[in-house]
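Data first, discussion second: the structure below is written as structure tokens.
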Amino acid sequence: MNENKVELVPINEGDFRVYLETQIHEYANEKVKAGTWNENEAHVLSKESFMELLPAGKDTPGHAIMTITDATTRDKVGVLWVQWENMEHRSSYIWDIIIYEKFRKKGYGTLALKSLEKMVKERGLSSITLHVFGHNKAAISLYRSLGYLCADIIMKKEI
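Here the numbering used here is used: the first residue of the sequence shown is 128, the next is one more, and so on.
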């Protein structure tokens with residue numbers, strides 16, 4: 128891995144279709160694991176969520192779905208989906224960041240998020256917001272190491 132450089136490039140249509148199919152399934156599983164959706168409805172609700180957020184697919188205005196690429200090897204190491212502007216709060220929002228399994232724990236997530244920070248600043252925005260499932264300890268650790276703070280917490284107790 129190049130020690131200090133990844134490129135965030137617009138995702139191509141083929142990679143987007145694979146990403147969307149995979150992430151609809153993964154998001155449904157995460158919502159079931161978190162206890163917010165039941166297994167019977169999860170896939171349908173997940174698909175509806177993605178279609179609502181991305182009505183024009185990868186070309187939905189205000190959103191960028193980017194392939195995270197190692198600048199040296201040209202390997203596609205993941206995907207980053209960001210909504211650029213919430214002008215009221217001057218904030219961008221990370222809808223998803225995925226580092227493919229064989230590239231995890233090699234610094235790509237950190238590099239991608241640092242590259243995104245530069246892009247956000249260039250757009251005149253002042254913050255990045257994201258959601259992370261409470262059971263995703265690795266992601267929480269990564270975000271904290273990069274200076275992300277907890278903005279609010281939703282808690283649940285099964286009765």
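Glycine included, every Cβ here is placed at the ideal spot set by N, Cα and C.
Coarse secondary structure for residue i, derived from DSSP in three states
| i | result |
| --- | --- |
| Tyr220 | strand |
| Leu243 | helix |
| Leu172 | helix |
| His190 | strand |
| Leu207 | strand |
| Asp202 | coil |
| Ile267 | helix |
| Ser272 | helix |
| Ile151 | helix |
Buried or exposed by the 16-neighbour rule on C-beta atoms within 10 Å, applied to residue i
| i | result |
| --- | --- |
| Leu238 | buried |
| Tyr227 | exposed |
| Ser253 | exposed |
| Ser219 | buried |
| Thr199 | exposed |
| Ser173 | buried |
Candidates the options, of which the one nearest residue i by Cα
| i | options | result |
| --- | --- | --- |
| Arg250 | Val259, Arg217, His258 and Glu166 | Arg217 |
| Met282 | Asn165, Arg271, Phe260 and Asn156 | Phe260 |
| Val159 | His170, Gln150 and Leu269 | His170 |
| Gly141 | Glu153, Lys245, Lys185 and Ala265 | Lys185 |
| Leu292 | Val206, Thr196, Leu257 and Gly162 | With the chain covering only 128 through 286, there is no way to say anything about residue 292. |
| Ala278 | Thr256, His262, Ala266 and Arg231 | Thr256 |
| Asp197 | Trp208, Ile221, Trp164 and Gly236 | Gly236 |
| Leu273 | Ser242, Asn156 and Asn139 | Ser242 |
| Val204 | Lys174, Ile138 and Arg271 | Ile138 |
| Leu240 | Arg271, Asn263, Asp202 and Lys229 | Arg271 |
Through-space distance from residue j to residue i, alpha-carbon basis
| i | j | result |
| --- | --- | --- |
| Met193 | Glu179 | 19 Å |
| Val247 | Ile224 | 15 Å |
| Asn167 | Lys132 | 42 Å |
| Lys233 | Trp211 | 27 Å |
| His190 | Glu244 | 15 Å |
| Ala265 | Arg231 | 10 Å |
| Trp222 | Gln150 | 11 Å |
| Glu134 | Glu285 | 43 Å |
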